[in-house]
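**Q**
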Amino acid sequence: MDKADEMMRMAQKQRERSMSKEKDAFQKMVAAGYYPSDITLTAQNGRVHAVFSHRKHLLREHLKCTECHPRIFIMNTSREKKKKGFTMANMRKGLYCGHCHNGKRAFSVADLAMCKRCHPKQL
Ligand code: HEC
Ligand code: HEC
Ligand code: HEC
Numbered sequence: 721m722d723k724a725d726e727m728m729r730m731a732q733k734q735r736e737r738s739m740s741k742e743k744d745a746f747q748k749m750v751a752a753g754y755y756p757s758d759i760t761l762t763a764q765n766g767r768v769h770a771v772f773s774h775r776k777h778l779l780r781e782h783l784k785c786t787e788c789h790p791r792i793f794i795m796n797t798s799r800e801k802k803k804k805g806f807t808m809a810n811m812r813k814g815l816y817c818g819h820c821h822n823g824k825r826a827f828s829v830a831d832l833a834m835c836k837r838c839h840p841k842q843l
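The opening position of the sequence shown corresponds to residue 721 in my numbering, with each subsequent residue numbered one higher.
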């Protein structure tokens, strides 16, 4: 095996190690009650439910807490619900989930084919 192959193999190993560390840390934090893995958000009319997954945004997309908290989300599900502006209309203007779900960084809140990804139980 030549030197380049060896280095690639080491880099891959390193990456796997740091990913499993990240996963362990996530599971410990969830188990200790610091934050939930997945959340169901219920809209103000009480009929529409959206799912949000810390697991997918953190472990798969590798986002940092500070990319969402406290600027986009205040980190308190019950207070977020009371805020009147947490609506699709505002998300289409780039607020809340729409900050990233704009068709550029992530699939768009305005795309009819994507409603189900956030609202799996309805629409
Ligand atoms: C990126 C995730 C996401 C996508 C994509 C998305 N929604 Fe939503 N939607 C939400 C969230 C979050 C709420 C607010 C939940 C709350 O108030 O707790 C919401 C709320 C709603 C509501 C409640 C009333 C309102 O206007 O806020 C309706 C109706 C709705 N969505 C329809 C849709 C339709 C139709 C689509 C597809 C065109 C869609 N949503 C796509 C996340 C999404
Ligand atoms: C992609 C955006 C995003 C990232 C990244 C993110 N969160 Fe969240 N978080 C949310 C959303 C959305 C909610 C639900 C709305 C709210 O409570 O603000 C939430 C809720 C919370 C809550 C409140 C849970 C409850 O039941 O009220 C805590 C605590 C929290 N997050 C901690 C963290 C920590 C710690 C990190 C980093 C390890 C993190 N979050 C990363 C979006 C994110
Ligand atoms: C800081 C940026 C950011 C914010 C804010 C954000 N997301 Fe995401 N989200 C992403 C990225 C990046 C992806 C992966 C790219 C893609 O799937 O288009 C993703 C993927 C998703 C997925 C697909 C998960 C799967 O099963 O593949 C869902 C559902 C989702 N987000 C819901 C939400 C909801 C609901 C909110 C608001 C409560 C939200 N996101 C806020 C960045 C964000």
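The C-beta atom is built at its ideal place from N, Cα and C for all residues, glycine as well.
Remember, predicted model here, so these are calculated numbers, not experimental data.
By a C-beta neighbour count over all protein chains shown, 10 Å radius and 16 as the cutoff for buried, is L754 buried or exposed?
**A** Residue numbering aside, residue 754 sits at position 34 when the sequence shown is read from its first letter. At residue 754 the sequence reads Tyr, which differs from the Leu that was named. That one is exposed.
**Q** Which runs of the beta strand (DSSP E) spanning at least 3 residues fall entirely within the stretch 764-814, listed in chain order?
**A** Listed in chain order, they are 769-773.
**Q** Would the C-beta of L778 count as close to ligand 3, meaning under 7 Å from any of its heavy atoms?
**A** Reading the sequence shown from its first residue, position 58 is the one you call residue 778. No, ligand 3 has no heavy atom inside 7 Å of this Cβ.
**Q** For the stretch 767-783 against the stretch 737-755, do three or more pairs of beta-carbon atoms, one drawn from each stretch, fall closer than 8 Å, so that the two count as touching?
**A** Yes: the two stretches touch, three or more of their Cβ pairs being nearer than 8 Å.
**Q** Any idea what DSSP makes of D758, helix, strand or coil?
**A** In the sequence shown, residue 758 corresponds to position 38, counting from 1. Strand.
**Q** Just the C-alpha distance for G766 and D831, rounded to the nearest angstrom, thanks.
**A** Locating residue 766 in the sequence shown gives position 46, counting from the first residue. Locating residue 831 in the sequence shown gives position 111, counting from the first residue. C-alpha separation (whole angstroms): 23 Å.
**Q** Compute the distance between the beta-carbons of G805 and L815, then report whether it is under 8 Å.
**A** Translated into positions along the sequence shown, residue 805 becomes position 85. Translated into positions along the sequence shown, residue 815 becomes position 95. The answer is yes: Cβ separation under 8 Å.
**Q** Rounded to whole angstroms, how far is the Cβ of F827 from the Cβ of H821, which I believe are closer than 8 Å?
**A** Against the sequence shown, residue 827 aligns to sequence position 107. Against the sequence shown, residue 821 aligns to sequence position 101. With a Cβ gap of about 6 Å, F827 and H821 count as contacting.
**Q** Apart from the five residues on each side of it in sequence, which residues of its chain come closer than 7 Å, Cβ to Cβ, to M795?
**A** What you label residue 795 is simply residue 75 of the sequence shown in a count that begins at 1. Same-chain partners within the cutoff: H789.
**Q** Can we count M730 as close to ligand 2, meaning its CB is less than 7 Å from some heavy atom?
**A** For the purposes of this step, residue 730 is taken as residue 10 along the sequence shown, with counting starting at 1. False, no ligand heavy atom lies under 7 Å from that Cβ.
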